[in-house]
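Using the UniProt record's numbering, read the sequence shown as starting at 1 and increasing by one per residue.
Even for Gly, the Cβ is constructed at its ideal location relative to N, Cα and C.
Values in this document were obtained by computation on a predicted structure and should not be read as measured data.
Have a look at the structure below before the remarks.
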Amino acid sequence: LKGSGLPAVAGTAMPMFSKEDNEELEAAAKTGNLSEIAVKLKKSLESSENTPLHIAVTGNSGSGKSSFVNAILGLGDEDEGAAKTGVVETTMEPKAYPHPVLPNVTMWDLPGIGTPNFHPDKYLKKVKFNSYDFFIIIASERFTSHHTSLAQEIHKMGKRFYYVRSKVDADLYAAQIRRPSTYNEEQILQIIRENCIKNLREADETSPRVFLISSWDLLKYDFHLLQETLEQELDAHKRLTFILALPNISAKILEKKKAELKKQIWKLALVSSAAAAIPLPGLGLACDITILVTSMRHYCKAFGLDRTSLTNLANRVGTTVPELRAVIKSPLAAEISKELVIKLLSKAACGAAMAAEAALSFIPVPVVGSLLAAGVSFGTTYYMLQSFLNEAVEDAQKVLKQTIQLAVLQKPLTCKKLPLAVSYPVLCCCIHEAGWTPTPALRGLKAALQRSAALKA
Ligand SMILES: Nc1nc2c(ncn2[C@@H]2O[C@H](COP(=O)(O)OP(=O)(O)OP(=O)(O)O)[C@@H](O)[C@H]2O)c(=O)[nH]1
Ligand SMILES: [Mg+2]
């Protein structure tokens, strides 16, 4: 059943109960009987899933606040719900930009701080500083006393802030064009970093931490450092929310999301085993379908396997939703219904039943007694969610690969120095080297090259 959005057949890649799961379950088992444990777990799962995260972005006018908001939300500047960029904002009110698919995450684009009579305390009161989990202070040139006085005030109010130096790609580009013979990327980045730190120190910031970023390419420079720092400094629930909201721009981020979601599965299975399970006639299976539906939809949204995310992605990389959909084997978020899950369970009956038994044999002794009656539901839920999560990540990886391919292929089109006649075979060679089979993306490139050639002519 692999590749059909269905769990794997018994005997192939059976998702096992991990050592960590076992230990956590054992610890939980000491805290009460099955229904008591399930109630606690349900509460904890619900609160972690609904934990709100409000991120405020502030800085001078034109520093790249709106572009940063869009980049974090995985939106292109022209997507629906994106912050307007490249326009002078006259608003004095913070503007909310909800995450396109995760309703508990909101980015806030705050009014600029650059006016000569800027007062950090008044500013923070005006923007209701207390509503945000942390602040990102952005500067595209140098950090000034405005930035530090704002940071100090944020600190006084008991909130965290992170300095971001934006548009470093533009600095590098300028250096490459203007001083090509001495161009050294690392050196330039270091000069920018040191300069920011020096300015912040001069403005009384004792331990400045600066992250160099391009909102046009979060994969480069210090975005991963900012991401890791935030993960370390957020509390457990906010941390999970933050990780799941990260844009799906790298295999590393996808793996991180997978690991976080995986940790929750035994809890969901246990809650399911304590809830009213629906017996599936003729299959010897019973489980709480609602938990499966909700979790599977949640996985899809976290990995961008939903129509909104695919539409935005398709716009950004110059392809269509059907082209992206073609590499996805799992159902999209909105396609997951009770009926579909029952169908998946029926098709995977043999695998699920065996997994139910296998999972039971891994459960520590104190829980087994109370679980036995509902054990099938535990095993089925555990097995279904593990399998679906694995498939969702595989699909997300395929989508990512397809978009990277498109991005790589698109680049030479904007490179005036590369002769068209050379670029196409060279790119084909690169694709071959990378072990990618020519996909619709490549066919798209061919069409784009032909269009570009026609334009040139
Ligand atoms: N090269 C480059 N340009 C960027 C980057 N971020 C923003 N820009 C450009 O800088 C200009 C201003 O960006 P915005 O995101 O609109 O800046 P802002 O801080 O929201 O501006 P206001 O709302 O007017 O205060 C736009 O033309 C952006 O496209 C970046 O990382 N790299
Ligand atoms: Mg703006």
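Comparing the C-beta of residue i with each C-beta of chain B, is any distance below 8 angstroms?
i, result
"Ser140", "No chain B appears in this structure, which consists of one protein chain only."
Relative to ligand 2, is the shortest distance from any of its heavy atoms to the C-beta of residue i smaller than 7 angstroms?
i, result
"Ala56", "no"
"Lys347", "no"
"Ala83", "yes"
"Asp109", "yes"
"Ser66", "yes"
DSSP three-state label for residue i, please.
i, result
"Asp133", "coil"
"His146", "helix"
"Ile188", "helix"
"Gly379", "helix"
"Leu219", "coil"
"residue 461", "Any question about residue 461 goes unanswered here, given that the chain covers just 1 to 457."
"Cys212", "The identity of residue 212 in the sequence shown is Leu, whereas the question assumes Cys. Here Leu212 sits in strand by DSSP."
"Glu20", "helix"
"Thr182", "helix"
"Ile336", "coil"
"Ala421", "Bear in mind that the predicted position of Ala421 carries a pLDDT of just 42, short of 50, making it unreliable; the figure below should be weighed with that in mind. Ala421 falls in the helix class under three-state DSSP."
"Met107", "strand"
"Phe242", "helix"
"residue 469", "Residue 469 lies beyond the stretch modelled for the chain, which goes from 1 to 457, so this question has no answer here."
"Ala407", "helix"
"residue 480", "This structure leaves residue 480 out entirely; the chain is present only between 1 and 457."
"Lys256", "helix"
"Pro120", "helix"
"Ala203", "coil"
"Ile138", "strand"
"Lys128", "coil"
"Leu25", "helix"
Is residue i near ligand 1, with its Cβ less than 7 angstroms from a heavy atom?
i, result
"Asp169", "yes"
"Lys30", "no"
"Val87", "yes"
"Gly62", "yes"
"Ser387", "no"
"Trp266", "no"
"Ser214", "yes"
Hey, residue i and residue j are a contact pair by Cβ (cut 8 angstroms); roughly how many whole angstroms apart?
i, j, result
"Asn104", "Thr241", "6 angstroms"
"Leu41", "Asn248", "Not really, about 28 angstroms apart at Cβ, beyond 8 angstroms."
"residue 524", "Ile289", "This structure does not reach residue 524, given that the chain is present from 1 up to 457, and the question cannot be answered."
"Ile253", "Leu246", "5 angstroms"
"Leu313", "Leu324", "6 angstroms"
"Leu230", "Leu389", "Between Leu389 and Leu230 the Cβ distance is about 24 angstroms, and since that is not below 8 angstroms, they are no contact."
"Pro120", "Glu141", "About 19 angstroms separates the two Cβ atoms, so there is no contact after all."
**OP:** Count the C-beta pairs between the stretch 71–82 and the stretch 294–303 that are closer than 8 angstroms, then say yes if the count reaches three, no if not.
**Re:** no
**OP:** Indicate whether the contact test is met: 3 or more Cβ pairs, each with one atom in the stretch 161–170 and one in the stretch 213–228, closer than 8 angstroms.
**Re:** yes
Subject >> Given 8 angstroms, three or more beta-carbon pairs between the stretch 155–167 and the stretch 81–101 >> reply: With a cut-off of 8 angstroms, the stretch 81–101 and the stretch 155–167 do not count as touching, because too few Cβ pairs lie within range.
Subject >> Three-pair Cβ contact test at 8 angstroms for the stretch 185–205 versus the stretch 133–151 >> reply: Note that the stretch 185–205 touches the stretch 133–151; at least 3 beta-carbon pairs, one per stretch, sit closer than 8 angstroms.
Original post:
Between the stretch 24–44 and the stretch 259–274, are three or more C-beta pairs nearer than 8 angstroms?
Top reply: yes
Subject >> Any 3 or more C-beta pairs closer than 8 angstroms across the stretch 179–186 and the stretch 125–137 >> reply: no
Original post:
For the stretch 263–330, which segments carrying the alpha helix (DSSP H) assignment without a break, of at least 4 residues, lie completely within its bounds, in sequence order?
Top reply: 289–302, 307–317, 321–325
**OP:** Starting from the N-terminal side, write out each stretch of the alpha helix (DSSP H) that is 4 residues or longer and does not extend beyond the stretch 153–178.
**Re:** Those alpha helix (DSSP H) runs which fall completely within the stretch 153–178 and span 4+ residues are 168–178.
Subject >> Contact between the stretch 192–199 and the stretch 49–57 (3+ Cβ pairs under 8 angstroms) >> reply: no
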